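J.: A single structure is presented below for examination.
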Amino acid sequence: MVLIGSILDLIVLGAAGWWMLPHVRRFLEAHGQVGPNYLGHTIPRGMGVVLWLLLWLQELVLQGALKLESSGLMGEISLLKELSTLEVNNRAFTFSATFIFLLGWTDDLIGSKAVKGLKGHFRYWMESKTLSMGAVKAIGTLSIAAWLVLAVGNDQTPIWQMGVELILLILMTNTLNLLDVRPGRSLKAFLGSFCAVLLLGYYFLDLDTSLFFPMIPVCMGGLILYSLDIRGFGMLGDAGSNLLGFTLGYGIIMIFPWEAQCVIVAVIGFLHRQAEVSSITQMIEQNRFLHWLDRLGRT
């Protein structure tokens, strides 16, 4: 039943996402939420709001299905427990993802793009005696990630493993943001990584497919936004890229064992170090395959 529900959910989310796309774009343009991309072209920023809207649409659908099932209108009472579990897990993720989105959205609105990296934010704090929006976002992400790790954990989960999950969730949230400096790069990384997590989890880790349910709206939204993003007609913004990273990190901590999580932490830790001392773009351009993959589909 979870599989059937997921297919119906994909249809609803896909139709809603395609309908939202032009309306969100016009809304952002009408309210001045535009900015230059890396080529200097002025395009709407903050298209990642579509991802957040789809998250809440799924929560609304789940709430409605739960009400119908509890009233007996859907027939099988045995579905009630399954729906309740799905809704609780979905609500926990949607709640935490909403705060990640709002932190990114606020950074899009009032954050300074001139302040970058750990050194940059620390220097800003030393000189101005106030926190940059990026630092506020980092503190907020730490708090939300800690809450989610505690919410999805259990009494048997060791503290050190929760620490690994927390670090992974924080770093992954920022990693997709670091990649979002060229059209399509962040979405390619998210969609490719998500497919890898799904396949590895399904074929090698005896995956419970219901674990993927909370992530479906962001995946569907990413597919819908891909064409717009890769052609340089709209930007995800920090709100969108942070939400992508948070979703991917959530999927990894829910599915992969701690050994795999440690390897992933090392890889994304290296990417953060590379961003501090040089740039990820420079690293990609120096690798022929990565450079080809990065430019694939870009106009």
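Going by our numbering, 119 is the number at position 122 of the sequence shown; the sequence numbering is gapless.
The C-beta atom is built at its ideal place from N, Cα and C for all residues, glycine as well.
Because the structure is a prediction, the values reported are computed rather than measured.
Find out if the Cβ-Cβ distance for the pair Leu166, Phe267 is shorter than 8 angstroms.
T.: Against a cut-off of 8 angstroms, the Cβ pair of Phe267 and Leu166 comes out as no contact.
J.: When the Cα of Gly43 is compared with those of Ile141, Glu26 and Leu83, which residue comes out closest?
T.: When each option's Cα is compared against that of Gly43, the closest is Glu26.
J.: Terminal residues of the continuous beta strand (DSSP E) containing Thr39?
T.: From DSSP, the beta strand (DSSP E) with Thr39 extends over Thr39 to Pro41.
J.: Inspect the beta-carbon positions of Gly316 and Leu240 and report whether they are closer than 8 angstroms.
T.: In the structure as shown, the chain begins at -2 and stops at 296. Residue 316 is therefore absent and cannot be evaluated.
J.: Measuring only the C-alpha atoms, how far is Ile249 from Arg285?
T.: In a straight line, the C-alpha of Ile249 is about 28 angstroms away from that of Arg285.
J.: Which of the three DSSP states is assigned to Gly178 in this structure?
T.: Per the sequence presented here, residue 178 reads as Val, with Gly not at that position. Three-state result, Val178: coil.
J.: How would you call Val21, buried or exposed, if buried means at least 16 neighbouring beta carbons within 10 angstroms?
T.: Answer is buried; the Cβ neighbour count reaches 16.
J.: Sorted by chain position, which residues of the same chain lie with C-beta nearer than 7 angstroms to Trp255's C-beta, five sequence neighbours on each side aside?
T.: Excluding sequence neighbours, Trp255 sits near Gln158 and Val161.
J.: Helix or strand or just coil, what does DSSP make of Met44?
T.: Met44 falls in the coil class under three-state DSSP.
J.: Let's see if you can read the secondary structure: which residues bound the alpha helix (DSSP H) around Leu214?
T.: Position check: residue 214 holds Pro in this sequence, whereas Leu was assumed. Start and end: Ile213 to Ile227.
J.: Considering Gly248, what are the terminal residues of the alpha helix (DSSP H) in which it resides?
T.: That run of the alpha helix (DSSP H) goes Gly234 to Ile252.
J.: Just to confirm, are Gly181 and Asp226 a CB contact at a threshold of 8 angstroms?
T.: A contact, by the Cβ cut-off of 8 angstroms.
J.: Tell me where the beta strand (DSSP E) around Gly137 begins and ends.
T.: Premise fails: Gly137 lies in the alpha helix (DSSP H), Met130 to Val149, not in any beta strand (DSSP E).
J.: CB-CB under 7 angstroms to Ala143, same chain, minus the five flanking residues each way: which ones, in chain order?
T.: Cβ neighbours of Ala143 beyond the five flanking positions: Leu163.
J.: Would you please state the rounded distance, in angstroms, between the beta carbons of Ser183 and Leu147? I believe it to be under 8 angstroms.
T.: In fact, because the Cβ distance is near 28 angstroms, the residues do not count as touching under 8 angstroms.
J.: Relative to the C-alpha of Tyr223, which candidate in His28, Ala13, Val262 and Gly294 has its C-alpha closest?
T.: Out of His28, Ala13, Val262 and Gly294, Gly294 has the C-alpha closest to the C-alpha of Tyr223.
J.: Taking its Cβ as the centre, do 16 or more other Cβ atoms sit within 10 Å of Leu350, making it buried, or is it exposed?
T.: The question about residue 350 has no answer here: the residues shown for the chain are numbered -2 through 296.
J.: Can you grab the Cα-Cα spacing for the pair Pro19 / Ala132, in whole Å?
T.: Rounded to whole angstroms, Pro19 to Ala132 spans 33 angstroms at the Cα level.
J.: Could you give the DSSP three-state label for Gly266: helix, strand or coil?
T.: The answer is helix: DSSP assigns Gly266 an H, G or I state.
J.: Tell whether a beta-carbon distance below 8 angstroms holds between Ile156 and Ser93.
T.: Result no, Cβ atoms of Ile156 and Ser93 do not sit closer than 8 angstroms.
J.: Quick one: using the 10 Å Cβ neighbour count with 16 as the cut-off for buried, is Val260 buried or exposed?
T.: Classification for Val260: exposed.
J.: Around the Cβ of Trp49, are there at least 16 other Cβ atoms within 10 angstroms (buried) or fewer (exposed)?
T.: The residue in question, Trp49, is buried, as its Cβ has 16 or more Cβ neighbours within 10 Å.
J.: Beta-carbon separation of Val215 and Leu99 under 8 angstroms?
T.: No, the pair does not count as a contact, with Cβ atoms beyond the cut-off.
J.: Pull up the DSSP beta-bridge partners for Gly32, would you.
T.: Paired residue(s): Ile40.
J.: Please classify Gln153: does DSSP put it in a helix, a strand, or coil?
T.: Note: Gln153 maps to coil in three-state DSSP.
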